[in-house]
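Chains A and B supply the protein sequences, listed in that same order. For what it's worth, the UniProt record's numbering labels the leading residue of the first sequence as 1, then goes sequentially. For what it's worth, the UniProt record's numbering labels the leading residue of the second sequence as 1, then goes sequentially. Cβ atoms here follow ideal geometry from the backbone N, Cα and C, with glycine treated the same way.
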Amino acid sequence: MACALGPDPRGADGGHERPSWDNRLQYLLSCIGFAVGLGNIWRFPYLCQTYGGGAFLIPYFVALVLEGIPLFHIELAIGQHLRTGSVGVWKAVSPYLGGVGLGCLTVSFLVSLYYNTVLTWVLWYFLNSFQNPLPWGSCPLDLNRTASSPRTIMYELHSRGEACRARIQARAPWPALDGPSRVPGFEAECQASSPVSYFWYRRTLNVTADVSDSGSIQWRLLACLAASWAVVYVCVIRGIESTGKAIYFTALFPYLVLTIFLIRGLSLPGAVEGLTYLFTPDVRILQSPRVWLDAATQIFFSLSLAFGGHIAFASYNPPRNNCEKDAVIISLVNSLTSLYASIAMFSVLGFKAANDHGRCLDRNILRLINAFELPDQSVDRDDYAAVLTHLNATQPERVARLGLETCRLEDFLDKSASGTGLAFIIFTEAILHMPGAPGWAVLFFGMLFTLGLSSMFGNMESIITPLLDMGVTHRFVPKEVLTGLACLVCFLSAICFTLQSGNYWLEIFDNYAAPLNLMVFAFFEVVGVAYVYGVQRFSDDIESMTGRRPGLYWQVTWKVVSPLLLLTIFVAYVATLARTPLSYKAWDTQYVWFPSRQEKSYPGWVQAACVLLCFLPILWVPAVALAQLLAAHRRKKDTGRDRCPKL
Amino acid sequence: MRQNNSITQEHTRRSKAKADGENAFKVRLSIRTALGDNAYAWDTNEEYLFKAMVAFSMRKVPNRETTEISHVLVCNVTQRVSFWFVVTDPLKNHTLPAVEVQTAIRMNRNRINSAFFLNDQTLEFLKIPSTLAPPTDPSVPIWIIIFGVIFCIVIVAVVLLILSGIRQRRRMSKGPTEVDDPEDKCENTITIENGIPCDPLDTKGGHVNDAFMTEDERLTPL
């Protein structure tokens, strides 16, 4: 098994000296920025809420210790030692494993495409936040109809939308959108759902009802896409020389904003209820294996392992750098950031739940007062229950005819969402009710943008560094051209996400392109280093770099625990995937239960695309291994032929 | 006698108000919601002001300039503060059609609201929808302005970075090029000492001694 120890004097750097970090802080911030991404904000709080609050932290930290930190240490150490990107590293470990590096490159490319599209949406919201009132606060007028409807009817209609949702939960049908209940004046779609959902699905995405209906390119999103790729290019233009400067801002700004949100959020009414509800541990949930599985998966994706980005970052380190300490520090910072972010988010979401609950009560009180001619403002929110029981006892039929909603704080606190729904629908609605809403919106979306941007740096480095090391372009071609070409290719490929069905395609990419492939590559990584390269040799390399030999914990996790854990979650993931039918939730205005999203199954060609996305990157591994086998076979045949004839 | 007459007239008018339900309008006030602690109590004087405002609105309609306060009837005042009112025409002894009253009220809604320190939401005429304000769209949407600013900054930054990169490369290429030349010749075995190749058979600058630094490097550039 031929392998190169130490840097190739001519090859990897192309003659130029390999660029290096200005200082250790830049390197740490880059890795932290890459690991801390949008998932820390909108995935971890959701998992915490779903899996028994504070109790979820136990499987989370167990998975961190058994799986996250060991894998992370491998990536940093091997990148720092071999001083080349992911493609070169795995080729150096074993020529038969060279496909792992190429696969990582492909996955990074696919992820960059849709990750920057999410940043495009964030940018769009950011640009729209500079106005008061915020555009997602009210429904726009439908100028084709007579614009004449009093605000109270609008208010009642919005509450009718809430009651509509209640009826949907109670499985009672609602008259279709074209029914006589429509009040002229405002956009029908907005009236039926909510201004926030309308702004997201119609004014931003302009989504079609079906994934096979692609619609047209949204020029507003296209412009924002160009802008966000231009921003990425400006920062990545000279590799780590430029990202190293930008990372000071993009990595630290989110922490500042999170602190501001935390301080503000804790002072809002209802925040404490939200936090207690979130963090109250439900220890029984730990008995379900699902929790442990999701914790392990979350740690894996949260640390951005198997992209090749950390290998690339570590390859620019000086050889004598303590990668062990780095691995522990960065993983811990990532997990603590998730925790910090969830506290900030849930204080604001608790405020939103309390606010919604209060408004629900107010609507009921208004109905009671108007129907029973009670004096204005005579019923407080606290008196409501007593007054209602009294009226129910005396005139139950009249009360029943009013159509009062059930207002329970737990129902509002239970409304959880993850992903884009949390950021663009729920949190934007929460911001609407905070005083000084445009300022908070600007801060929030600015934070999301810088969070995503620092992760994009890692993604782009995991594409560019291997390309540079492989010597794809001629020596005379400057690095700016290569990064420009990479950004241009990504931008042109990502245009498909600005179509009207782009959101559905993004979910497909998010669900199928990344998870399986990354788990497979991580498994090959850990097995490749522990068994093919050899833990002993790896420990020698680390000792030469840090001066200390990795202890028993590292040896055990590298050889036994992490591969087993990865295999388990891979198998469980595949099993869950095989059991759930391939379907998606469509925003269809003609749907009977609108604004509930309709569950549709993917058409055949889309299912084929899903399968392709799942397996194409993995195919690099057997392909390269086969090519190496054939080459070795041919070489053996050639040497055999040379030896045979004796002249 | 005259008093009895006027009382019976009032009664017939009131019964007319109840009978002609379709020409009557229900009004609902939420004074405490609007004014909080500065709320005034709703009494007969406020009712008188309301009747005066309605009569004033009707007077603005052509053919109805002779509407008097006494032509406006208010009844069924509740604690909520809500009541019904109707405008009568004493000459013809019937109530004015709802459409006329509606147009009159809509045209003077602002004046009526401000007389009571209320707005469209706190002084509700239950059958009269209020006109919505036209959308105040600026000529250029604000997001385009901010987008233009950001995009211009980014383009300028890209151009500056590219230019500075070109300048840097030109300065480096003007300096010692010996490190680059052997690479161009694609030779695999080069002995490099202190960054300068020990290749005496360099055909390019034959008489330059490569082992020493060049003059340019020793002097700091201007």
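In whole angstroms, what is the alpha-carbon distance linking residue i and residue j?
i              : j         : result
LEU451(A)      : VAL477(A) : 31 Å
ILE88(B)       : LEU73(B)  : With the sequence shown as reference, residue 88(B) is identified as Thr, and Ile is not the correct amino acid for it. If you take the alpha carbons of THR88(B) and LEU73(B), they lie about 8 Å apart.
ILE153(B)      : HIS474(A) : 31 Å
ASP383(A)      : VAL571(A) : 55 Å
LEU29(B)       : ASN76(B)  : 14 Å
TRP229(A)      : ASN364(A) : 49 Å
PRO141(B)      : PRO289(A) : 51 Å
VAL624(A)      : LEU616(A) : 13 Å
ASP210(A)      : TRP124(A) : 23 Å
PHE130(A)      : TYR504(A) : 28 Å
THR33(B)       : ALA41(B)  : 13 Å
PHE346(A)      : LEU278(A) : 7 Å
TYR512(A)      : PHE427(A) : 27 Å
LEU613(A)      : LEU105(A) : 14 Å
ARG167(A)      : ARG359(A) : Residue placement at ARG167(A) cannot be trusted, given a pLDDT of 43 that sits under 50; what the coordinates show is reported in the next sentence. When rounded, the distance between both Cα atoms is 18 Å.
ALA314(A)      : ALA306(A) : 14 Å
GLU65(B)       : TRP143(B) : 51 Å
HIS45(B)       : ILE41(A)  : Note that residue 45(B) is Asn in the sequence shown, not His. Cα-Cα distance, rounded: 59 Å.
ARG579(A)      : SER216(A) : 34 Å
GLU525(A)      : ARG202(A) : 43 Å
TRP136(A)      : TYR198(A) : 8 Å
PHE253(A)      : ASN23(A)  : 19 Å
GLN536(A)      : ILE311(A) : 20 Å
ASP362(A)      : ARG381(A) : 7 Å
GLY175(B)      : ILE162(B) : 20 Å
ARG170(B)      : ILE463(A) : 27 Å
ALA327(A)      : SER455(A) : 17 Å
LEU160(B)      : VAL231(A) : 14 Å
residue 650(A) : GLN628(A) : With chain A covering only 1 through 647, there is no way to say anything about residue 650(A).
VAL27(B)       : ARG59(B)  : 20 Å
GLN102(B)      : PHE125(B) : 9 Å
VAL207(A)      : TYR591(A) : 14 Å
TYR573(A)      : LEU518(A) : 12 Å
SER108(A)      : THR589(A) : 36 Å
I believe residue i touches residue j by the beta-carbon criterion, under 8 Å. Please report the beta-carbon distance rounded to the nearest angstrom.
i         : j         : result
LEU97(A)  : VAL532(A) : 7 Å
SER302(A) : GLY52(A)  : No, SER302(A) and GLY52(A) are not in contact; Cβ-Cβ is about 19 Å, not under 8 Å.
GLY33(A)  : PHE457(A) : 7 Å
THR117(A) : LEU467(A) : Not really, about 22 Å apart at Cβ, beyond 8 Å.
VAL529(A) : TRP558(A) : 7 Å
VAL442(A) : PHE126(A) : 7 Å
GLU461(A) : GLY309(A) : 6 Å
GLY185(A) : ASP142(A) : 7 Å
List the residues of chain A whose Cβ lies closer than 9 Å to the Cβ of residue i, in chain order.
i         : result
ILE142(B) : LEU127, ASN128, PHE130, GLN131
GLY165(B) : ILE237, ARG238, PRO478, LYS479, GLU480
Could you work out which residues of chain A lie near residue i, taking near to mean beta carbons separated by less than 7 Å?
i        : result
SER82(B) : GLU373
ILE31(B) : ASP376
Please list the partners that residue i has in chain B, where partner means a Cβ-to-Cβ separation under 7 Å.
i         : result
PRO233(A) : It is worth fixing the name first, because residue 233(A) is Tyr in this sequence and not Pro. Those are VAL158, listed as they occur along chain B.
GLN191(A) : What GLN191(A) touches in chain B: nothing, since even the nearest Cβ is about 13 Å away.
ALA223(A) : PHE147
GLY185(A) : LEU132
How about residue i: is its Cβ closer than 6 Å to a heavy atom in the ligand NAD?
i         : result
CYS610(A) : For the ligand NAD, the structure offers nothing, since it holds no ligand at all.
Show which residues of chain A have a CB atom less than 8 Å away from the CB atom of residue i.
i         : result
LEU161(B) : VAL234, ILE237, ARG238, SER242, GLU480
ARG169(B) : PRO478
Cβ closer than 9 Å: which chain B residues qualify as neighbours of residue i?
i         : result
ASN370(A) : ARG28, ARG80, SER82
Mind listing the chain B neighbours of residue i? Cutoff is C-beta to C-beta under 8 Å, in chain order.
i         : result
ALA227(A) : PHE147, ILE150, PHE151, VAL154
ALA230(A) : PHE151, VAL154, ILE155, VAL158
Inset, instruction - Kindly confirm or deny that the region 262-281 of chain A and the region 483-499 of chain A touch, where touching means at least three C-beta pairs closer than 8 Å. - result: Using a Cβ-Cβ distance cut-off of 8 Å, the region 262-281 of chain A and the region 483-499 of chain A are not in contact, since fewer than three pairs of beta carbons, one from each stretch, lie closer than that value.
Inset, instruction - Could you pull out every unbroken alpha helix (DSSP H) segment of at least 4 residues lying fully inside the region 71-129 of chain B, listed in chain order? - result: Those alpha helix (DSSP H) runs which fall completely within the region 71-129 of chain B and span 4+ residues are 98-107, 109-115.
Inset, instruction - Counting only runs of 4+ residues fully inside the region 282-361 of chain A, write out the alpha helix (DSSP H) ranges in chain order. - result: Every alpha helix (DSSP H) stretch that sits fully inside the region 282-361 of chain A and reaches 4 residues is listed by chain position as 289-302, 309-315.
Legend entry - Three CB pairs or more closer than 8 Å across the region 583-595 of chain A and the region 485-496 of chain A: No: fewer than three Cβ pairs fall under 8 Å.
Legend entry - alpha helix (DSSP H) runs contained entirely in the region 446-499 of chain A, provided each spans 4 or more residues: Listed in chain order, the complete alpha helix (DSSP H) runs (minimum 4 residues) inside the region 446-499 of chain A are 479-494.
Inset, instruction - Taking only runs that begin and end inside the region 364-440 of chain A, name each unbroken alpha helix (DSSP H) of 4 or more residues, in chain order. - result: Within the region 364-440 of chain A, the complete alpha helix (DSSP H) segments of 4 residues or longer fall at 384-394, 396-401, 409-414, 428-432, listed in chain order.
Legend entry - Every unbroken alpha helix (DSSP H) within the region 77-103 of chain A, with a cutoff of 4 residues, ordered by chain: DSSP runs (the alpha helix (DSSP H)) wholly in the region 77-103 of chain A: 86-93.
Inset, instruction - Could you tell me whether the region 329-347 of chain A touches the region 252-267 of chain A, where touching means 3 or more Cβ pairs closer than 8 Å? - result: Flag = yes, the region 329-347 of chain A and the region 252-267 of chain A touch.
Legend entry - At least three beta-carbon pairs within less than 8 Å, the region 82-90 of chain A to the region 600-610 of chain A: As far as the Cβ criterion goes, the region 82-90 of chain A does not touch the region 600-610 of chain A, which means the pair count is below three.
Legend entry - Segments assigned alpha helix (DSSP H), at least 4 residues, entirely inside the region 12-62 of chain B: With a minimum length of 4 residues, the continuous alpha helix (DSSP H) runs that stay inside the region 12-62 of chain B are 31-35, 44-59.
Legend entry - the region 329-338 of chain A touching the region 232-246 of chain A, judged by at least three CB pairs closer than 8 Å: No contact exists between the region 329-338 of chain A and the region 232-246 of chain A.
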